[in-house]
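Notes to accompany the following structure.
There are 2 protein chains.
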Amino acid sequence: MKHFTPVKRVLISVSDKTGLPELGKYLQKAGCEIISTGGTHRVLKEAGIPVTDIQSVTGNPEAFGGRMKTISFQIESALLFDREKDRDEAEALGILPIDMVVCNLYPFGSVKKEGADLPRLIENIDIGGPTMIRAAAKNYRWVTTVVDPADYRMVMENMTAHGGHTDLETRFTLMRKAFNHTADYDSLIATTMDEQAGEPTLRFAFDQPQVLRYGENSHQKGTLYRLRNAPDSLCDMEVLHGKAISYNNMFDLYGALEAVRDLKNNGCAIIKHANPCGLSEGKNQRKVFEKAWAGDPVSAFGSVIAFNTPVTLETAQFLELDAKDKSQRKFVEIVSAPGFEPSALDYLKQHKNLRIVVFDPARLQPAHDMKFIYNALLYQDADRELLDKVEYVSHKKDPVDEDLMRFGLTAVRQLKSNAICVARTCKDGDIQLLGMGCGQPNRVNATQLTLARCRENLKNEYTGDPDGLEEYIRQEMGKAVLFSDAFFPFPDNVELSHADGIRTIVQPGGSIRDKAVIEKADDLEMTLIFTGMRHFKH
Amino acid sequence: MKHFTPVKRVLISVSDKTGLPELGKYLQKAGCEIISTGGTHRVLKEAGIPVTDIQSVTGNPEAFGGRMKTISFQIESALLFDREKDRDEAEALGILPIDMVVCNLYPFGSVKKEGADLPRLIENIDIGGPTMIRAAAKNYRWVTTVVDPADYRMVMENMTAHGGHTDLETRFTLMRKAFNHTADYDSLIATTMDEQAGEPTLRFAFDQPQVLRYGENSHQKGTLYRLRNAPDSLCDMEVLHGKAISYNNMFDLYGALEAVRDLKNNGCAIIKHANPCGLSEGKNQRKVFEKAWAGDPVSAFGSVIAFNTPVTLETAQFLELDAKDKSQRKFVEIVSAPGFEPSALDYLKQHKNLRIVVFDPARLQPAHDMKFIYNALLYQDADRELLDKVEYVSHKKDPVDEDLMRFGLTAVRQLKSNAICVARTCKDGDIQLLGMGCGQPNRVNATQLTLARCRENLKNEYTGDPDGLEEYIRQEMGKAVLFSDAFFPFPDNVELSHADGIRTIVQPGGSIRDKAVIEKADDLEMTLIFTGMRHFKH
Numbered sequence: 001m002k003h004f005t006p007v008k009r010v011l012i013s014v015s016d017k018t019g020l021p022e023l024g025k026y027l028q029k030a031g032c033e034i035i036s037t038g039g040t041h042r043v044l045k046e047a048g049i050p051v052t053d054i055q056s057v058t059g060n061p062e063a064f065g066g067r068m069k070t071i072s073f074q075i076e077s078a079l080l081f082d083r084e085k086d087r088d089e090a091e092a093l094g095i096l097p098i099d100m101v102v103c104n105l106y107p108f109g110s111v112k113k114e115g116a117d118l119p120r121l122i123e124n125i126d127i128g129g130p131t132m133i134r135a136a137a138k139n140y141r142w143v144t145t146v147v148d149p150a151d152y153r154m155v156m157e158n159m160t161a162h163g164g165h166t167d168l169e170t171r172f173t174l175m176r177k178a179f180n181h182t183a184d185y186d187s188l189i190a191t192t193m194d195e196q197a198g199e200p201t202l203r204f205a206f207d208q209p210q211v212l213r214y215g216e217n218s219h220q221k222g223t224l225y226r227l228r229n230a231p232d233s234l235c236d237m238e239v240l241h242g243k244a245i246s247y248n249n250m251f252d253l254y255g256a257l258e259a260v261r262d263l264k265n266n267g268c269a270i271i272k273h274a275n276p277c278g279l280s281e282g283k284n285q286r287k288v289f290e291k292a293w294a295g296d297p298v299s300a301f302g303s304v305i306a307f308n309t310p311v312t313l314e315t316a317q318f319l320e321l322d323a324k325d326k327s328q329r330k331f332v333e334i335v336s337a338p339g340f341e342p343s344a345l346d347y348l349k350q351h352k353n354l355r356i357v358v359f360d361p362a363r364l365q366p367a368h369d370m371k372f373i374y375n376a377l378l379y380q381d382a383d384r385e386l387l388d389k390v391e392y393v394s395h396k397k398d399p400v401d402e403d404l405m406r407f408g409l410t411a412v413r414q415l416k417s418n419a420i421c422v423a424r425t426c427k428d429g430d431i432q433l434l435g436m437g438c439g440q441p442n443r444v445n446a447t448q449l450t451l452a453r454c455r456e457n458l459k460n461e462y463t464g465d466p467d468g469l470e471e472y473i474r475q476e477m478g479k480a481v482l483f484s485d486a487f488f489p490f491p492d493n494v495e496l497s498h499a500d501g502i503r504t505i506v507q508p509g510g511s512i513r514d515k516a517v518i519e520k521a522d523d524l525e526m527t528l529i530f531t532g533m534r535h536f537k538h
Numbered sequence: 001m002k003h004f005t006p007v008k009r010v011l012i013s014v015s016d017k018t019g020l021p022e023l024g025k026y027l028q029k030a031g032c033e034i035i036s037t038g039g040t041h042r043v044l045k046e047a048g049i050p051v052t053d054i055q056s057v058t059g060n061p062e063a064f065g066g067r068m069k070t071i072s073f074q075i076e077s078a079l080l081f082d083r084e085k086d087r088d089e090a091e092a093l094g095i096l097p098i099d100m101v102v103c104n105l106y107p108f109g110s111v112k113k114e115g116a117d118l119p120r121l122i123e124n125i126d127i128g129g130p131t132m133i134r135a136a137a138k139n140y141r142w143v144t145t146v147v148d149p150a151d152y153r154m155v156m157e158n159m160t161a162h163g164g165h166t167d168l169e170t171r172f173t174l175m176r177k178a179f180n181h182t183a184d185y186d187s188l189i190a191t192t193m194d195e196q197a198g199e200p201t202l203r204f205a206f207d208q209p210q211v212l213r214y215g216e217n218s219h220q221k222g223t224l225y226r227l228r229n230a231p232d233s234l235c236d237m238e239v240l241h242g243k244a245i246s247y248n249n250m251f252d253l254y255g256a257l258e259a260v261r262d263l264k265n266n267g268c269a270i271i272k273h274a275n276p277c278g279l280s281e282g283k284n285q286r287k288v289f290e291k292a293w294a295g296d297p298v299s300a301f302g303s304v305i306a307f308n309t310p311v312t313l314e315t316a317q318f319l320e321l322d323a324k325d326k327s328q329r330k331f332v333e334i335v336s337a338p339g340f341e342p343s344a345l346d347y348l349k350q351h352k353n354l355r356i357v358v359f360d361p362a363r364l365q366p367a368h369d370m371k372f373i374y375n376a377l378l379y380q381d382a383d384r385e386l387l388d389k390v391e392y393v394s395h396k397k398d399p400v401d402e403d404l405m406r407f408g409l410t411a412v413r414q415l416k417s418n419a420i421c422v423a424r425t426c427k428d429g430d431i432q433l434l435g436m437g438c439g440q441p442n443r444v445n446a447t448q449l450t451l452a453r454c455r456e457n458l459k460n461e462y463t464g465d466p467d468g469l470e471e472y473i474r475q476e477m478g479k480a481v482l483f484s485d486a487f488f489p490f491p492d493n494v495e496l497s498h499a500d501g502i503r504t505i506v507q508p509g510g511s512i513r514d515k516a517v518i519e520k521a522d523d524l525e526m527t528l529i530f531t532g533m534r535h536f537k538h
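Here you go:
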């Protein structure tokens with residue numbers, strides 16, 4: 001696009017004065033006339049830049065405590081008239097073109113953040129600014145609209161590169177930015193006023209589209225967007241290596257980061273189909289990785305893995321990417337961490353498809369959680385708590401270590417409901433997810449899946465005499481703790497757990513049959529703990 | 001709020017002329033001066049209503065092909081000045097107040113829908129309208145802003161009720177509506193221009209909040225919003241009876257409607273934790289309900305149920321809500337249908353907590369599907385297809401009936417991944433979900449869960465000699481079909497299925513080990529069908 005327009009007359013009216021003197025000086029040197037208002041005028045004058053007072057253009061006074069400054073037939077005509085079709089008409093009306101508007105709006109957002117009351121909020125609704133911005137943007141074929149001080153440098157460079165003009169492509173981009181700016185501004189005003197009226201509304205904008213290869217399945221188109229102007233976003237992760245990230249990768253990565261975020265020491269989460277099938281925390285990252293992997297060593301293949309501490313070479317080597325026997329190599333989709341030792345990075349890069357992602361899970365602090373359900377939105381606080389109150393409700397009161405309690409609840413909270421998991425403190429002090437069952441219509445199924453997984457894993461780790469296996473399983477299960485995301489509706493899960501050696505159960509409580517459940521635990525001499533907090537997740 | 005303002009001068013400039021003459025006549029009778037522009041002026045004049053031409057107020061001509069009509073120091077001052085503080089200043093400047101603005105904007109949205117090109121889109125960006133609306137809305141303490149013809153009646157009634165004034169509460173409500181209107185308008189312009197630039201952005205607004213008792217769990221606040229201005233929404237369902245609908249109810253209801261939407265004849269879906277644990281279609285609704293219930297008769301308690309045809313009394317009676325033995329009564333959370341026979345409704349209302357919902361699942365036609373993941377959005381086409389191409393890849397080619405194929409794929413598509421299900425055509429021709437397994441990191445687990453559920457259900461329905469049970473199971477499993485939402489990565493699932501009597505498997509295919517999987521099916525003389533379409537859902 002080679003449609004240039006000379007920048008000769010510039011209207012500047014900004015609330016944010018950042019970079020204003022530099023821009024003013026540049027425009028002065030470029031031979032532009034600068035028209036300006038109030039505070040902007042003062043700053044430019046102090047920088048020694050000659051300014052035309054807006055009143056000499058509008059022919060009107062600044063009126064009504066500043067509510068009327070720029071809005072006028074003269075200013076908006078100068079911005080809006082078609083430089084081809086309307087040229088004679090403008091001349092007859094004595095309208096000189098304004099070629100560029102530099103404007104940002106009354107800081108409605110910041111006064112809102114300061115907790116302004118309604119009258120102050122109202123006073124901070126800019127009327128003249130959006131009018132100028134929108135008029136200039138509409139006439140982008142000739143007029144340059146600048147709403148963001150961060151664009152001053154680009155605009156100056158563009159003018160320099162084109163001999164004092166801006167090019168049409170740049171003006172189109174700036175026009176899009178302008179309408180996004182006014183859309184954001186009125187969106188914030190609208191939601192704020194609705195909130196004031198006690199009828200809250202929500203408005204979201206998403207930009208920076210990344211077209212993905214496809215959606216959840218190849219017949220669905222998929223795109224990843226960033227929440228506009230969010231201070232942080234999962235989109236800001238750094239991808240150091242590997243194939244393009246897929247739709248399902250992103251969702252699993254989110255699950256992995258959520259699962260590992262609240263772990264202590266070195267934490268590792270292994271995700272398959274959005275559920276953590278491996279989870280561990282402890283002192284030695286490599287050992288923690290091994291323990292997480294052992295949670296479901298079959299499903300861990302092709303998983304998404306997140307660490308909460310920088311990955312060492314020793315840890316990375318557990319994947320055996322350089323094993324001569326290719327079947328020994330543990331292929332996973334993503335390894336994410338707050339960082340990577342250079343040698344670990346080199347090691348992981350051996351696998352050309354493996355996606356290596358830098359993202360610190362501590363950054364993941366969502367306040368809300370949303371679900372779209374056919375032109376409706378389910379909007380809720382994120383589930384960030386773990387328990388209300390630890391209450392030993394059985395006669396037996398074998399204590400559960402605080403760290404194990406936090407770990408187990410963190411795990412079960414992250415599993416799709418109905419969910420059950422078993423966690424244990426290992427001999428070396430590390431904490432490990434020994435088994436889980438999730439996504440079940442029936443809680444009994446979730447318990448059965450969990451217990452079967454635990455038995456399988458204990459069998460895998462057992463190295464002694466085959467005759468001793470069952471004893472080993474009962475012994476280890478007896479030291480572990482079973483966690484449920486919601487109350488047991490019947491005593492059946494207590495019996496099932498007991499049959500496989502579980503001795504301690506943590507669940508929210510709150511069923512109308514709690515009494516029967518507690519009695520069953522007492523019958524079986526088990527420790528039953530209520531937390532008072534359910535963790536459904538769907 | 002008793003802050004009244006007299007409506008004496010009204011500025012009308014509307015693109016949508018609906019209801020304009022009636023409003024004009026009312027204002028005329030109320031003794032108002034009406035200021036107007038172009039087309040609006042003409043319509044009012046034709047209706048015999050005296051109109052002041054806007055040019056006599058602005059002192060400016062209409063200029064630049066209509067781009068400049070209202071924007072002027074005079075009009076915006078008349079809207080914006082503070083009726084208390086700025087009274088003297090306005091008088092000195094000769095500004096008479098304008099007390100009401102009736103304005104809607106150039107139809108950017110409709111010309112976009114017509115497929116307008118960029119120049120036409122740009123010409124339909126209204127500049128003067130939003131300026132007037134925003135100025136009037138900012139000064140809502142005195143000025144009434146009307147942006148929607150649907151509000152004319154209310155405004156006239158409000159004026160009549162208050163002796164020719166509007167009240168402050170109404171003006172505040174109209175102000176909120178005004179800023180929502182301009183926010184919508186600029187949102188649409190912004191996303192349209194971003195789309196034109198090949199960098200699509202998304203903007204969503206949600207209103208009509210319904211505060212729910214809580215979110216997924218009681219420590220999370222939850223609210224249901226409606227997608228603003230959507231022609232249809234799940235929020236529009238009619239709740240005929242029962243307790244307030246909860247957050248989890250809504251999500252399950254969405255799942256139930258999705259599951260039943262694509263069923264033929266009479267369809268019924270039973271949902272627990274967002275997954276269909278019962279699903280059936282056929283000629284007789286009562287029998288279909290029984291068959292769906294039999295899919296998981298334990299989990300069906302406390303479920304959310306959707307029908308795709310109006311519910312009859314006979315169907316409703318299956319819940320046995322009037323059973324003398326209370327344990328016989330089948331309590332469910334929601335029964336949803338496109339309608340209810342009056343006698344069925346009366347019957348269901350016996351249970352005071354049961355939520356009875358009217359919603360036709362055929363209405364549920366989402367084009368997209370979204371997931372929020374920490375300030376990012378995963379956005380994709382909804383998964384509305386079933387298969388690419390039916391391909392019998394085994395030697396054995398026992399045909400699968402088209403209806404059973406559609407039903408089974410519909411079911412497995414709706415289950416959380418990894419998902420497996422078994423469906424069968426019953427002796428009476430109805431189709432039934434015999435068992436399912438879902439939400440598993442490992443596909444083998446999903447298969448095991450499914451087969452165990454099928455065996456259990458067949459055992460439940462078997463009435464013959466106990467010795468004949470195993471034979472019956474093998475016979476029924478042999479007639480049923482197993483569906484997988486994604487390819488089998490290994491032949492193990494084929495073996496597992498075969499061991500429980502399955503003879504026909506439908507899966508997408510596409511694994512690097514397809515050959516081994518097909519060989520296994522051939523070894524076991526099974527029919528293996530590839531569909532070419534995966535249905536992951538998370």
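Same order as they appear, the protein sequences are chains H and Z.
With my numbering applied, the first sequence corresponds to residues 1 to 538, in that order.
With my numbering applied, the second sequence corresponds to residues 1 to 538, in that order.
By construction, the Cβ of each residue, glycine as well, lies at the ideal position given by its N, Cα and C atoms.
Please read these numbers as outputs of a predicted model, since none were measured by experiment.
Boundaries of the alpha helix (DSSP H) harbouring Q196/Z: 168-196, taken from the DSSP string. By the neighbour-count criterion, in which 16 or more other beta carbons inside 10 Å mark a residue as buried, K85/H falls on the exposed side. By alpha-carbon distance to G435/Z, the top candidate from L377/Z, L378/Z, K520/Z, V298/Z is V298/Z. Listed along the chain, the chain Z residues whose CB falls inside 9 Å of the CB of D383/H are G215, E216, N217, H219, Q220. I122/Z belongs to the set of residues whose beta carbon lies under 8 Å from a beta carbon in chain H. For N457/H, no Cβ of chain Z is located within less than 8 Å of the residue's own Cβ.
Within a 10 Å sphere around the beta-carbon of K291/H sit 16 or more other beta-carbons, which makes this residue buried. E341/Z and R171/Z have their alpha carbons spaced roughly 44 Å apart.
Counting along the chain, the unbroken alpha helix (DSSP H) around F407/H starts and ends at 402-414.
Within 9 Å of the CB of F206/Z, the CB atoms of chain H belong to T201, L202, R203, F204, A376, L377, Y379, in sequence order along the chain.
Cβ contact annotation for H368/H (same chain, cutoff 8 Å, sequence separation greater than five): Y379, Q380, D381, A382, in chain order. Taking each of G19/Z, V239/Z, R213/Z in turn and checking the Cα distance to P149/Z, the smallest one comes out for G19/Z. Looking at the DSSP output, E238/H sits in a beta bridge with V358/H. For the pair I95/H and G198/H, the Cα-to-Cα distance works out to about 46 Å.
Annotation: I512/H is outside any beta strand (DSSP E) and is labelled neither H nor E by DSSP. With a cutoff of 8 Å on beta-carbon distance, V358/Z and E238/Z are scored as near each other. T18/H sits in coil when the DSSP states are folded into three classes, being neither helix nor strand. Pairing S394/H with A521/H gives a Cβ-Cβ distance under 8 Å. Neighbours of V43/Z in chain H, taken as residues at a C-beta separation under 7 Å, are lacking, since the least C-beta distance is about 25 Å. Residue pairing by DSSP puts Q380/Z in a beta bridge opposite G222/H, D369/Z. According to DSSP, residue pairing for Q432/H in a beta bridge involves S280/H, R424/H. The distance from the Cβ of M533/H to that of E385/H is about 6 Å, consistent with a contact at the 8 Å cut-off.
The alpha carbon of A116/H has as its nearest neighbour, out of T166/H, V147/H, M193/H, the alpha carbon of M193/H. DSSP lists I12/H, D53/H as the bridge partner or partners of S36/H. In the three-state reduction of the DSSP assignment, H165/H falls in the strand class.
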